[in-house]
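Trainee:
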Amino acid sequence: MTAAAQSTGIVNSLTTGRLPRWATWVILLGSWAIMGVIFALIAAGSGTEFNISAALLLGLFLFIVLIFVFAYLVEGLRQAKDRLVTALVVSAFLIALIPLISLLFTVVSNGLPRFDPGFFGQSMRNVVGEGGGALHAITGTLLITGMATLISVPVGLLTAIYLVEYGRGALARAITFFVDVMTGIPSIVAGLFAFAFFALILDDPGIRFGFGGSIALSLLMIPVVVRSSEEMLKLVPNELREAAYALGVPKWLTILKIVIPTSIAGITTGVTLAIARVIGETAPLLIISGFTASMNYDLLSDRMMSLPVFVYTQYQNPGSEVQPYLDRAWAGALTLILIVMLLNLIARLIARIFSPKLGR
Amino acid sequence: MTTTSTRKPRSTLRPADRIFAGSTVIAGSLILAALAAVAVFLIAESIPALIVDPAELKGAPSSFWAYVGPLAFGTVWAAFLALVMALPISIGIALFISHFAPRRIAQGLGYIIDLLAAVPSVVFGLWGIKVLAPAVTPLYGWLVQNLGFLPFFAGGVSGTGRTILTVAIVLAVMIIPIITAVTREVFLQTPRLHEEAALALGATRWEMIQMAVIPFGRPGMISAAMLGLGRALGETMVVAMVLSPALVINFVLTGSQNPSTIAGNIALNFPEANGVDVNALIATGMILFVITLVINSIARIVINRRKAFSGAN
């Protein structure tokens, strides 16, 4: 093909020896078509179902091989490598989409059957088999996460203020480093800590209560709040602070009245994202808050159910008739995903609408 | 101390100033104290398990370490498998978003990957056991039949798909967004001039990435991998829900005898444990804490060495 092209004497030497633009798409569709035919033949031959995912995946693989071969023949090795890497990188992205789409599809389709008013209006008290709901779990999640937010936001925000406005030297460096390290604490270790702490302090070796869950969650939440607030406080222009000082405003009032209002949108976004991160935590709540079938509004005593633990226990400890328990688990999973997505959406909206317009 | 030849003008410190500054210091120190408290209380609750007669522990192991050994192995093995799968894909995605995708949609594609990070782990567990495990079981059968001579696929095949390989796949999906986020940040920080110089010399896009982006981003890639490893080590619910555990050490990926992980073991046994078994579980948790602390610290030190990069997390 190249030889033919060269012998006809194409005028523009810069565009010779290039695959035409449509080649990529043609090769891709071609390889999918080939694999589709092969798998259709296999399916017809063996009488099994047509395996569309395998056909798509192997077709993608065939495309990667073919594009390399064609580009090598037409354009040479260097361009061929470039096209190979492009194809690989795009397929990496597509491969990561497979679990996401599959997960969202399964959760929505399996969760909808029990996504009804009864699910949000009843607890699991005295429920065996069908019926029942997650009211107790949703209440528990809101209470525990709300308490964790109440603990984490002041601590996290003040720490961020310290790091940005006051902190110099060893203490600030140590805090920065350990906040980073804290983001990597496994959630279950946070739960074990809360358990060990309260079991020793309150001298109760089998302790389970909601407030412990809040402590465990705030341990996971504080570093996220610190990190995001710190970034936001750093964005506040120094001129604003200096203008305030020049007017004789004390430092603490400058921070409270100038710095924080300027960055409040970013801080709120960070806090919302932090809530979204911890609201789906299962392991620490399983350890320290336990599970129950009844409503419990008191953070300070008795076991308290939460939505992730609800999903887990419905799956893990079903009754003799499994399906209603699974349905409830999926409905709980759907609720949980919706809550997390909603929080993420709110966070992005806040960031977009209320962020100060830094002129540039 | 040098003499104060140039005297700075000092503002008067008002009480409110002191209170406010003091409270920020207290809040900061509280974080350090909390981290120290985690260590202290975990150790305090672990000690009974370390000194007790091992025969009293669940399963009556020969010693506490014989109890922890398989779990620690399973933890590291599952996390390692997840990392091996997640790292190339994450770097591919990060490169795609930072250098290949059209500028206008790149950010949107980043959000899509971030969506994966928003899914709670218990939902991943449910998906892993109800969707992924049945889907991969035929594949495992094929692997065992045709690649059975490899030690990884030796022995019988698990009929349920609840193997350590399934767990590792789910873990890989869960750590992809973390690794992608960090590497993407690093790749985007490659000096523009380096990239343009490479392109001006006639390099293709891949050669430019090889010459400019990868060398610049290598420390970031390493620490991103370690952050992902840390997350995979501590992941609990997926292991607890998907794996069918056994107290063994082996490298078989597709069999029915799988080493459990520390976190998964705690989640499965803690609700029913009592007495010294609770202490034993906390002791294993402390070992997990130490492992992740070391890995995360190394990752952070590597990241912090590059000052311009402010830990995207």
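Top line first, the protein sequences correspond to chains A and B. Under the working numbering, the letters of the first sequence match residues 16 to 375, in that order. Under the working numbering, the letters of the second sequence match residues 1327 to 1639, in that order. C-beta: ideal position from N, C-alpha, C; glycine also.
Give me the Cβ distance between residue 1403 of chain B and residue 1585 of chain B, rounded to the nearest whole Å; I'm assuming they're in contact under 8 Å.
Mentor: About 6 Å separates the two Cβ atoms, so the contact holds.
Trainee: Pull up the distance between the alpha-carbon of residue 1489 of chain B and that of residue 40 of chain A, whole angstroms please.
Mentor: Cα to Cα, the separation comes out at about 38 Å.
Trainee: Pull up the distance between the alpha-carbon of residue 1339 of chain B and that of residue 177 of chain A, whole angstroms please.
Mentor: Straight-line Cα distance between these residues: approximately 17 Å.
Trainee: For residue 19 of chain A, collect the residues of the same chain with a Cβ closer than 6 Å to its Cβ; drop the 5 residues on either side in sequence, then sort them by chain order.
Mentor: With a pLDDT of only 48 at residue 19 of chain A, under 50, the local geometry of the prediction cannot be trusted, and the value read off the model is given with reservation. Closer than 6 Å at the Cβ level, and outside the excluded window around residue 19 of chain A, lies no residue.
Trainee: Would you say residue 355 of chain A and residue 270 of chain A are within 8 Å of each other, going by their C-beta atoms?
Mentor: The answer is no: Cβ separation not under 8 Å.
Trainee: Secondary structure at residue 59 of chain A, three-state DSSP: helix, strand or coil?
Mentor: Helix, per DSSP.
Trainee: If I'm right that residue 152 of chain A touches residue 321 of chain A with Cβ under 8 Å, what's the distance once you round it to whole angstroms?
Mentor: Yes, they are in contact, since the Cβ atoms of residue 152 of chain A and residue 321 of chain A sit about 6 Å apart, within 8 Å.
Trainee: Could you work out which residues of chain B lie near residue 93 of chain A, taking near to mean beta carbons separated by less than 9 Å?
Mentor: Chain B residues near residue 93 of chain A: 1529, 1530, 1532, 1533.
Trainee: Apart from the five residues on each side of it in sequence, which residues of its chain come closer than 6 Å, Cβ to Cβ, to residue 8 of chain A?
Mentor: The requested residue 8 of chain A is not part of the displayed model; chain A covers only 16 to 375.
Trainee: If you draw a straight line from the alpha carbon of residue 1577 of chain B to that of residue 1551 of chain B, how long is it in whole angstroms?
Mentor: Whole-angstrom Cα-Cα distance: 22 Å.
Trainee: Between the Cα of residue 1608 of chain B and those of A:208, A:360, A:194, spot the shortest distance and give me the residue it belongs to.
Mentor: Closest by alpha carbon: A:208.
Trainee: Within 10 angstroms of its Cβ, does residue 1590 of chain B collect 16 or more other Cβ (buried), or is it exposed?
Mentor: That one is buried.
Trainee: Leaving out five residues on either side along the sequence, give the residues of the same chain with a beta carbon under 6 Å from the beta carbon of residue 291 of chain A.
Mentor: So the list reads 355, 358, 359, once near-sequence residues are dropped.
Trainee: Inspect the beta-carbon positions of residue 78 of chain A and residue 43 of chain A and report whether they are closer than 8 Å.
Mentor: The answer is yes: Cβ separation under 8 Å.
Trainee: Could you check what DSSP says for residue 1637 of chain B in three-state terms: helix, strand or coil?
Mentor: Residue confidence is low: residue 1637 of chain B scores 37 on pLDDT, short of 50, so the model does not pin down where it sits. No coordinate-derived value is stated.
Trainee: So, helix, strand or coil for residue 1585 of chain B, using DSSP?
Mentor: Note: residue 1585 of chain B maps to strand in three-state DSSP.
Trainee: On the criterion of 16 or more Cβ atoms from any shown chain inside 10 Å, does residue 329 of chain A qualify as buried, or is it exposed?
Mentor: The residue in question, residue 329 of chain A, is buried, as its Cβ has 16 or more Cβ neighbours within 10 Å.
Trainee: Residue 1493 of chain B to residue 1343 of chain B, Cα distance in whole Å?
Mentor: Near 53 Å, if we compare the C-alpha coordinates of residue 1343 of chain B and residue 1493 of chain B.
Trainee: Are the beta-carbon atoms of residue 1640 of chain B and residue 1434 of chain B separated by less than 8 Å?
Mentor: For chain B, the structure presents residues 1327 to 1639; residue 1640 of chain B sits outside this window and is missing.
Trainee: Taking the beta carbon of residue 182 of chain A as the centre, do at least 16 other beta carbons fall within 10 Å, making it buried, or is it exposed?
Mentor: Buried.
Trainee: For residue 339 of chain A, list the residues DSSP reports as bridge partners.
Mentor: Answer by DSSP bridge pairing: none, since residue 339 of chain A is not bridged.
Trainee: List the residues of chain A that residue 1382 of chain B touches, going by C-beta distances under 7 Å, in chain order.
Mentor: The premise fails here: residue 1382 of chain B is roughly 15 Å from chain A at the closest Cβ pair, so nothing lies under 7 Å.
Trainee: Mapping the DSSP letters down to three states, classify residue 1571 of chain B as helix, strand or coil.
Mentor: Here residue 1571 of chain B sits in strand by DSSP.
Trainee: If we ignore side chains and look at the alpha-carbon of each, how far apart do residue 326 of chain A and residue 1394 of chain B end up?
Mentor: In a straight line, the C-alpha of residue 326 of chain A is about 29 Å away from that of residue 1394 of chain B.
Trainee: Please confirm if residue 357 of chain A has its CB atom under 8 Å from at least one CB of chain B.
Mentor: Chain B, which has no Cβ nearer than 8 Å to the Cβ of residue 357 of chain A, makes this no.
Trainee: How long is the line joining the alpha carbons of residue 1623 of chain B and residue 191 of chain A, rounded to whole angstroms?
Mentor: Answer to the nearest angstrom: the Cα atoms are 12 Å apart.
Trainee: Around the Cβ of residue 218 of chain A, are there at least 16 other Cβ atoms within 10 angstroms (buried) or fewer (exposed)?
Mentor: Answer is exposed; the Cβ neighbour count stays below 16.
Trainee: Does residue 1447 of chain B come within less than 8 Å of chain A when only Cβ atoms are used?
Mentor: Chain A, which has a Cβ nearer than 8 Å to the Cβ of residue 1447 of chain B, makes this yes.
Trainee: Which residues in chain B sit within 8 Å of residue 101 of chain A, going by Cβ to Cβ distance?
Mentor: Near residue 101 of chain A (Cβ distances below 8 Å), the residues of chain B are 1426, 1531, 1532.
Trainee: Taking the C-alpha atoms as reference points, what is the distance between residue 1356 of chain B and residue 1611 of chain B?
Mentor: Going by the C-alpha atoms only, they are around 23 Å apart.
Trainee: Roughly how many angstroms separate the alpha carbons of residue 342 of chain A and residue 313 of chain A, rounded to a whole number?
Mentor: Going by the C-alpha atoms only, they are around 28 Å apart.
Trainee: Does the beta-carbon of residue 1556 of chain B have 16 or more other beta-carbons within 10 angstroms, so that it is buried, or is it exposed?
Mentor: Buried.
Trainee: Taking the straight line between their C-alpha atoms, what separation do you get for residue 1505 of chain B and residue 1436 of chain B?
Mentor: If I take the Cα positions, the gap works out to 12 Å.
Trainee: Please work out which residues of its chain come closer than 7 Å, Cβ to Cβ, to residue 1630 of chain B, disregarding the five sequence neighbours upstream and downstream, and give them in chain order.
Mentor: Counting only Cβ-Cβ distances below 7 Å, and skipping sequence neighbours, we find nothing.
Trainee: Flag this pair as touching only if the segment 1527-1543 of chain B and the segment 1437-1454 of chain B have three or more C-beta atom pairs under 8 Å; answer yes or no.
Mentor: Flag = no, the segment 1527-1543 of chain B and the segment 1437-1454 of chain B do not touch.
Trainee: In three-state terms, what does DSSP make of residue 1529 of chain B?
Mentor: Note: residue 1529 of chain B maps to coil in three-state DSSP.
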